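The sequence shown runs contiguously to residue 262 in our numbering. Note sheet for the following structure.
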Amino acid sequence: MFRYNRHVWQSDVLELAGVGHGFSTREGGVSTEAHTSSMNTGFYRGDSDDTVRENIRLLCSYANISENVVGTPQIHSAEIRVVGRENGGEGIFRDVPYPCDGFVTEERGVTLLIRVADCAPVLLLGIRGDGSPVVGAVHAGWKGTALGIAPKGAKMLFDMGAERVLAAIGPCIHECCFNVWPERRDELISLLGREMAERHITKRGDEFFADIVGINAELLYGAGVEKVDILPECTQCNPALYHSHRATGGVRGTMGAVIGITE
Ligand SMILES: [Zn+2]
């Protein structure tokens with residue numbers, strides 16, 4: 000179950016002593032442009048870099064986690080990087096040539112940031128036998144979802160020693176709004192099989208609508224994740240509270256999802 004507290008959505012499924020997380024909305028930031036206000040975590044969307052950095056700092060404070068953030072550019076891939084405290088600041092205060100769409104860490108004192116505006120933000124918590132956490136964050140748009148970035152992130156946490164993995168999917172575009180080209184359906188069939196496509200893509204009139212939340216949840220359960228918490232909020236249906244690429248034709252800010260092991 001999710002609750003909205005201090006401008007972020009938090010899932011009780013990810014609650015563990017020493018771990019903090021949050022999914023941002025449009026609230027609680029310092030951006031003043033009409034299309035980015037007030038919480039925009041994306042560079043190059045109309046806000047100054049310092050404004051974006053202050054929003055990211057605020058987001059970390061709402062989530063009660065370190066301001067030492069890694070958040071490099073995203074490329075709609077299934078690339079996930081293992082990072083540590085020394086990677087903090089990458090993509091925020093300095094550029095690095097390592098684009099990717101997810102991070103995992105076992106280190107304290109580094110916050111993982113992924114950015115979305117309709118794509119699904121997936122946060123992951125792994126718990127090892129001694130109770131210690133490992134955490135992950137992935138950006139699952141249409142492409143990343145079809146490439147299986149979410150279950151890949153879960154598998155990485157299992158490989159890092161987690162005995163249990165839990166997941167939460169934050170605000171994103173839902174099946175009510177996410178119409179896709181027929182070619183996308185064909186792509187999903189080729190990557191994930193016809194049954195997955197039939198379960199999660201529905202036809203209304205002449206259009207196909209995809210349920211990326213349902214696909215990610217099914218893939219995560221298939222990878223051994225114990226529980227997937229889903230926020231039933233569609234970004235395109237609620238552009239006043241969420242940045243939505245589709246609702247705005249792309250003139251919009253960007254939301255962030257953060258998770259970290261506290262110091
Ligand atoms: Zn919708």
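Backbone N, C-alpha and C fix where the C-beta goes; we use that ideal spot for every residue, glycine too. Predicted, not measured: the structure shown is a model, and the values here were computed from it.
Straight-line spacing of the CA atoms in Val133 and Gly204 works out to 45 Å. Of the candidates Cys99, Asp94 and Val68, the residue whose Cα lies closest to the Cα of Arg84 is Val68.
Short note on Cys118: C-beta not closer than 7 Å to any heavy atom of ligand 1. In this structure, the alpha-carbon of Gly125 lies about 10 Å from that of Met155. Put simply, the backbone Cα of Phe177 is about 15 Å away from that of Val115. Contact between Val212 and Ile168 holds, with the beta-carbon distance rounding to 6 Å and staying under 8 Å.
Using a cutoff of 7 Å, the CB of His244 does not count as near ligand 1, since none of the ligand's heavy atoms is closer than that. Judged by DSSP in its simplified three-state form, His244 adopts helix.
When secondary structure is reduced to three states using DSSP, Ile113 falls in the strand class. Taking all protein chains in view, the Cβ of Gly152 is crowded by 16 or more other Cβ atoms within 10 Å, so the residue is classified as buried.
The distance from the Cβ of Arg25 to that of Tyr241 is about 6 Å, consistent with a contact at the 8 Å cut-off.
Comparing alpha-carbon positions, the option among Ala196, Cys59 and Glu174 lying closest to Leu112 turns out to be Cys59.
With contacts defined as CB atoms closer than 8 Å, Ala256 and Ala136 qualify as a contacting pair. Ligand 1 approaches Cys236 closely enough that one of its heavy atoms is under 7 Å from the residue's Cβ. Here the distance from the Cβ of Cys233 to the nearest heavy atom of ligand 1 is below 7 Å. Looking only at Gly249, Cys233 and Ala239, the smallest Cα-Cα distance to Pro120 is reached by Cys233. Here Asn215 has Ala119, Val121, Ala139, Thr144, Ala149 and Ile168 as same chain residues with Cβ atoms under 7 Å from its own Cβ, once five neighbours each way along the sequence are excluded. Glu89 and Val95 have their C-alpha atoms some 6 Å from each other. Taking Asn237 as the centre and dropping the five residues before and after it, the same chain places no C-beta closer than 7 Å to its C-beta. For the 8 Å CB-CB criterion, Gly252 and Thr35 form a contact. DSSP places Asn4 in the uninterrupted beta strand (DSSP E) bounded by Phe1 to Asn4. For the options Gly21, Gly130 and Ser37, the alpha carbon positioned closest to that of Gly160 is the one of Gly130. Scanning the stretch 117 to 168 from its first residue to its last, the whole beta strand (DSSP E) runs of 3-plus residues come out as 119 to 127, 132 to 139 and 161 to 168.
Here the alpha carbon of Asp11 sits roughly 20 Å from the alpha carbon of Thr104.
Beta-bridge partners of Arg93 (DSSP): Glu89. For Arg44, the three-state secondary structure derived from DSSP is coil. Assignment of Ala62 by DSSP, reduced to helix, strand and coil, places it in the helix class. DSSP, read as helix, strand or coil, puts Ser23 in strand.
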